[in-house]
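Student: Residue numbers (our numbering), protein chains in the order written: chain A, 2 to 268; chain B, 2 to 268; chain C, 2 to 268.
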Amino acid sequence: MRIDAGTVWADVVKIREAAPLVHNITNYVVMNSTANALLALGASPVMAHAEEEVEDMVAIAGALVINVGTLSASWIRSMHRAARRAQAAKVPIVLDPVGAGATPYRTQTVHELIAAVPPTILRGNASEINAIVAAEARTKGVDSTAPAESAIDAARRLSRAHSCVVCISGATDYAVEGEEVAQVHNGHPMMPRVTGLGCTASALCGAFVAVSPSALAAAAHAMAVMGIAGEMAAEKAGGPGTLQLYFLDALYNLSEADIARRLRAGG
Amino acid sequence: MRIDAGTVWADVVKIREAAPLVHNITNYVVMNSTANALLALGASPVMAHAEEEVEDMVAIAGALVINVGTLSASWIRSMHRAARRAQAAKVPIVLDPVGAGATPYRTQTVHELIAAVPPTILRGNASEINAIVAAEARTKGVDSTAPAESAIDAARRLSRAHSCVVCISGATDYAVEGEEVAQVHNGHPMMPRVTGLGCTASALCGAFVAVSPSALAAAAHAMAVMGIAGEMAAEKAGGPGTLQLYFLDALYNLSEADIARRLRAGG
Amino acid sequence: MRIDAGTVWADVVKIREAAPLVHNITNYVVMNSTANALLALGASPVMAHAEEEVEDMVAIAGALVINVGTLSASWIRSMHRAARRAQAAKVPIVLDPVGAGATPYRTQTVHELIAAVPPTILRGNASEINAIVAAEARTKGVDSTAPAESAIDAARRLSRAHSCVVCISGATDYAVEGEEVAQVHNGHPMMPRVTGLGCTASALCGAFVAVSPSALAAAAHAMAVMGIAGEMAAEKAGGPGTLQLYFLDALYNLSEADIARRLRAGG
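#1: Skipping 5 residues on each side, what residues in its chain have a beta carbon closer than 7 Å to that of B/E137?
#2: Short of 8 Å Cβ to Cβ, which residues in the segment 90-122 of chain C face chain B?
#3: Can you grab the Cα-Cα spacing for the pair C/Q270 / A/N126, in whole Å?
#4: Taking the alpha-carbon positions, what's the C/T104 to B/A83 distance?
#5: At 8 Å on the CB atoms, spell out the chain A contacts of C/E54, in chain order.
#6: Between C/R78 and A/W76, what straight-line distance do the alpha-carbon atoms span, to the nearest angstrom?
#7: Does any residue of chain A have a CB that is nearer than 9 Å to the CB of B/Y253?
#8: Could you please give the first and the last residue of the uninterrupted beta strand (DSSP E) stretch that includes B/Y175?
#9: Can you tell me whether C/V99 is buried or exposed? The criterion is at least 16 other CB atoms within 10 Å of its CB, across all chains shown.
#10: Going straight from the alpha carbon of C/R161 to that of C/I67, what length do you get?
#11: If you run the structure through DSSP and keep just helix, strand and coil, what is B/P46?
#12: Please list the segments of the beta strand (DSSP E) lying wholly inside the segment 213-253 of chain A, counting only runs of 3 or more residues, in order along the chain.
#13: Give me the subset of the segment 13-43 of chain C whose CB atoms are less than 7 Å from a CB atom of chain A, sorted by chain position.
#14: Output yes or no for whether 9 Å exceeds the beta carbon distance between A/V166 and A/R157.
#15: Just reading off the alpha helix (DSSP H) that A/H81 is part of, what are its end residues?
#16: Are B/Q184 and B/G267 closer than 9 Å when you measure CB to CB?
#17: Hey, quick one: how far does the alpha helix (DSSP H) through B/V9 stretch, first residue to last?
#18: Which whole-angstrom value is the C-beta distance of A/A208 and A/I16, which I expect to be below 8 Å?
#19: So what's C/H189 in DSSP terms, helix, strand or just coil?
#20: Under DSSP, the beta strand (DSSP E) around B/A64 begins and ends at which residues?
#21: At what residues does the alpha helix (DSSP H) containing C/S128 begin and finish?
#22: My understanding is that A/C200 touches A/G70, with C-beta atoms under 8 Å, so please give their C-beta distance in whole angstroms.
#23: Throw me the rounded Cβ distance for the C/V23 and C/A44 pair, which I believe falls under 8 Å.
#24: Nearest CA to the CA of A/V92: which residue from A/A155, A/G242 and A/N25?
#25: Could you tell me which residues DSSP pairs with C/R181 in its beta bridges?
#26: Got a sec? Which residues, its chain only, sit under 6 Å from B/E257 by beta carbon, not counting five neighbours each side?
#27: Output, in sequence order along the chain, the residues in the segment 187-202 of chain B whose CB is closer than 9 Å to any CB in chain A.
#28: Under the rule that 16 or more other beta-carbon atoms within 10 Å means buried, what is A/G7, buried or exposed?
#29: Taking the continuous beta strand (DSSP E) assigned at B/S170, which residues delimit it?
#30: Which same chain residues, not among the five before or five after A/A152, have their C-beta less than 7 Å away from its C-beta?
#31: Which residues of chain E have a Cβ atom closer than 9 Å to the Cβ of C/M233, listed in chain order?
#32: How many Å lie between C/E181 and C/P148 at the Cα?
#33: Tell me whether C/T104 sits in a helix, a strand or coil according to DSSP, three-state version.
#34: With three or more beta-carbon pairs closer than 8 Å as the criterion, would you say the segment 241-260 of chain A touches the segment 51-60 of chain B?
#35: Flag this pair as touching only if the segment 221-228 of chain A and the segment 216-231 of chain B have three or more C-beta atom pairs under 8 Å; answer yes or no.
#36: Taking C/V143 as the query, report the chain B residues whose CB atoms sit under 7 Å from its CB, ordered along the chain.
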């Protein structure tokens, strides 16, 4: 998979023009920051979790993003209903398995979601991706304890088993579809000190897959834009507090020249 | 309805002196930013949604703000209980019909809330206000797809039918009470790129109506303060991330001179 | 209790090295800002509230933080389950009684939580601490209406009755354990204009008590770090919006020299 500044920029333009509606069933911690990132990029976010309305909402959406960060039983039921309707309506689905491996409840919920309706893109950190394939793997809370590279084999297995793209975020990000792998080397070490930037990456995958015919390209483009905006923000930020805000500003102002100058990606 | 810098400022001073308790039953996305805006303005926010406590909480509040942005069945029950108690205790009510028209569930919930206890102020964007009167109107998620002007007739009808003030936010904001209309021309085009500034506007309506005998003036004053603080923030902001923070700083520092210099309002 | 720059700094270093997992069952308003503060300090936050997983999560955590800011019945059940498991596993517990006294439901919930499993540290503002011991005391929403000093007697009683540390935040912060009292005089008057900084203080108590053998020292150190980071942020901030972000930057950059220069604490 070859991604370059031109393909990334073309998708950014499409998002800004189409302003795709991205339906998020996500965790309480990141709802605000996720919505702001989608708006800054040019998409139109909506958060809706009621069993009574998720099917109607996903039917008018360009993508569905399911994030298991703060679970409860009724939310899980809504995730299943929304996913089934998305599948029927050919709306692409992004699944973020936050904290898979930290508790049996999370791991099992993620397994059941994938088994019921395989996502178009599964995006997590290495600990989470490893935990999904290896029941014995343990995650410490929601932060990764392993480098992204350690999860590439697990990502390949998941991709083949469920015909989905698996995206592993870390110092280098990997988007895996069967044997194909795209790599993105952008980003900044201060980014994991801002809560929910992984969740934001999943939400941006939703915006990109809403306008892109290739889920693999969508995942790689989303990670590239995340990393580039993070680098731009880190140059101005005095710490993770201001990083978070400059990141949104960078998403909003992102230009073709920024991408051309900064993108470091490979196949 | 004539609003001028003196009437706006007088209400800001009242809020800063009285620090009215504003009870919010609002959506997960904006709880933090709404609370911060109320605190920055000088009010005292509280978020409480349990059926077991909403009646006790609203009884000690200066205003109740109901926002349907992220609904579920038990929250709707709490909204009804709180509204009935507010009505009995003569506590003014602001209703924000977030996403009305996007799904039948939202539209119906808003209809039932208005029918049970008409709000003192109903504040939404044009798509939402139109969707409440026209069952056939469709909203794209939670962002408006129509200019504020397109909803003035709908606002007049709702205002007369329910004896309430209807406030439509947009490039120009309108506060409508029967035949009376106040207009506010402040604001900045970057504001819709920050999630929940509409919800913040509703919360500020709550702070103003808690100290004002006129709901129409309260709505217009809230929109004026929103727009002016937004303009002040936009002059310093590099994008929607920093806009959000400078907006809170501007609310906190807002002076009589700022209002006198910037207010653009009409009848 | 003698706290000095050396003891504070030693605990900050321990947190940065161990990155203790802090399990929060907290309110919707502050989840994002709390998680960001813990990450900025160097801890690893996780938010989890499902009855199905709180016991598994707390078992791998270094501390449990329970915050009653936005209650509902199922969350209260999870708080009890998590607290019992924490007690069994000797995981320290911080309890933040947000809004105790504002409604009977909150006051009663706090009483029942303390009676079931006494927390290691109980941290609130003076209104809340007073409300817990005096059923007749009334709180206005979630903001304190009384100076911290007014709650020292109540704190002593609670500390003795439940063998816990009670921490009262205000212009001066007090950490009370039986007859012992530590005082911290750091902080800035603009801090109460940022929502949830009290909740952040409780979360930081969780990070400190996860690495400290003394709960009294942990509470005092957490308040010192809060106050010092708040002062550093206020020097740069133009209002409460930017204060919030510079506060996170200050936590992240906090050095031994900052603490040595600024700490004002006494026994």
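The C-beta atom is built at its ideal place from N, Cα and C for all residues, glycine as well.
As the structure is a computational prediction, the values presented were derived from the model and not from experiment.
Tutor: Checking against the coordinates, here is how it stands:
#1: With a pLDDT of 48 at B/E137, under the threshold of 50, the modelled position of that residue is not reliable, and no figure is offered here.
#2: G100, A103, T104, P105, Y106 and R107
#3: Nothing can be reported for residue 270 of chain C: it is not among the residues displayed for chain C, which extend from 2 to 268.
#4: 13 Å
#5: L72, T104, P105, Y106 and R107
#6: 17 Å
#7: no
#8: D174 to E178
#9: buried
#10: 21 Å
#11: strand
#12: none
#13: L22, Y29, M32, N33, A36, N37, L40 and A41
#14: no
#15: A74 to A89
#16: yes
#17: A6 to A19
#18: 5 Å
#19: coil
#20: A64 to N68
#21: A127 to V134
#22: 7 Å
#23: 5 Å
#24: A/N25
#25: The sequence given here has Glu at residue 181 of chain C, not Arg. Its beta-bridge partners are C/E178.
#26: W10
#27: M191, P193, R194, V195, T196 and G197
#28: exposed
#29: V166 to S170
#30: A127, I130, N131 and I169
#31: Of the protein chains in this structure, namely A, B and C, none is chain E.
#32: 19 Å
#33: strand
#34: no
#35: no
#36: V47
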